[in-house]
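Student: Please read through the structure below; I'll follow up with questions.
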Amino acid sequence: MQERLHDNKNRIRNYNGKNYYPFNGKVFCGKCGKKLSGHVQYSRTSKNNAPVKQYRFSCSCPAVKTVNEKYLDDMVINGLRACIFSPENYEELVDKLNAYGKIQERVIDLQIEVLRSDKENAEKRCSNLMDIAENGDGTKSIIDKIKRLDKRIAKIDRRISDYEAAKKVFTAEDIDRIRDRFTEYVMENRNEDVLGFLEDTVDRIEVDDTVRVHLKKNICVDRETKKGFRQERSIKK
Ligand SMILES: [Zn+2]
43 MQERLHDNKN RIRNYNGKNY YPFNGKVFCG KCGKKLSGHV QYSRTSKNNA
93 PVKQYRFSCS CPAVKTVNEK YLDDMVINGL RACIFSPENY EELVDKLNAY
143 GKIQERVIDL QIEVLRSDKE NAEKRCSNLM DIAENGDGTK SIIDKIKRLD
193 KRIAKIDRRI SDYEAAKKVF TAEDIDRIRD RFTEYVMENR NEDVLGFLED
243 TVDRIEVDDT VRVHLKKNIC VDRETKKGFR QERSIKK
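Heads up, my numbering is the position in the sequence shown plus 42, with the first residue counted as 1.
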């Protein structure tokens, strides 16, 4: 319950109207510390009058009053991706994924157990009916029943092999695939997992002439990635 309240708070915080701003509440003026907040600019200069999402300063410190939302989000999320999917983390990521896979496997095994007992019952009924048929009492309805049971057993077998196939050992290539979809996933999915992830990783973002991203203390950042978390503002008009 506590967690849900927390999530709802996150949800509200990350929206301004119907627009989503992943870092609302975490972006501050680097000079005076006032918060920036997400808003949409309907630019008169752009050809199709396309709305541009921005984080806007509420103070009068900088000459340029806004930061492009996509620029800021890309910068932070791509940086986070570089941290998480750094080569030294790969082994641990594979292990974590496989630990998760093991839990899934237990769930799958339970399903298979249920199917196996269904199959056993069907086989028993089938063999009883065959005994009756062999004793010469084989009416058409008994033969039809046997056929139906055969079909059912075949169906159960297919489901069991589907479940078996769903058991998986994860490798570094799986981590590659997850890495490739990471940025898109975080930008497009506004669920509790993503918001919780951003909450757990990003401490605060300071903006003035430069953009400086501060991560939570327990996140390791290599030197190359660190450079990406400090950028001169590219000011385009
Ligand atoms: Zn300021």
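Built from N, CA and C at the ideal position, the CB exists for glycine as well.
According to DSSP, is L257 part of a helix, a strand, or is it coil?
Tutor: Three-state DSSP puts L257 in a strand.
Student: Does DSSP put S183 in a helix, a strand or coil?
Tutor: In this structure, S183 counts as helix in the three-state DSSP scheme.
Student: If we count the other Cβ atoms within 10 Å of its Cβ and call it buried at 16 or more, is K112 buried or exposed?
Tutor: Under this definition K112 is an exposed residue.
Student: Starting from the Cα of V249, find the closest Cα among Q273, K268, C168 and give me that residue.
Tutor: Checking every option, the nearest Cα to that of V249 belongs to Q273.
Student: Whole angstroms is fine: what's the gap from A124's alpha carbon to N140's?
Tutor: A124 and N140: Cα-Cα distance of roughly 21 Å.
Student: Should the region 219 to 228 be called in touch with the region 191 to 202, which here means at least 3 C-beta pairs below 8 Å?
Tutor: No contact exists between the region 219 to 228 and the region 191 to 202.
Student: When you measure from the CB of S102 to every non-hydrogen atom of ligand 1, does any distance come out below 8 Å?
Tutor: Yes - ligand 1 has a heavy atom lying nearer than 8 Å to the Cβ of S102.
Student: Between the C-alpha atoms of L240 and N61, what's the straight-line distance to the nearest angstrom?
Tutor: Cα to Cα, the separation comes out at about 17 Å.
Student: Does the Cβ of V109 have 16 or more other Cβ atoms within 10 Å, making it buried, or fewer, making it exposed?
Tutor: Classification of V109: buried, given that the 10 Å Cβ count is 16 or more.
Student: Is K107 a contact residue of ligand 1, with contact defined as CB to any heavy atom under 8 Å?
Tutor: No, the Cβ of K107 stays beyond 8 Å of every heavy atom of ligand 1.
Student: If you draw a straight line from the alpha carbon of K268 to that of P129, how long is it in whole angstroms?
Tutor: Taking the straight line from one Cα to the other gives about 16 Å.
Student: Could you spell out where the beta strand (DSSP E) holding T213 opens and where it closes?
Tutor: Note, T213: premise wrong, no beta strand (DSSP E); not H, not E.
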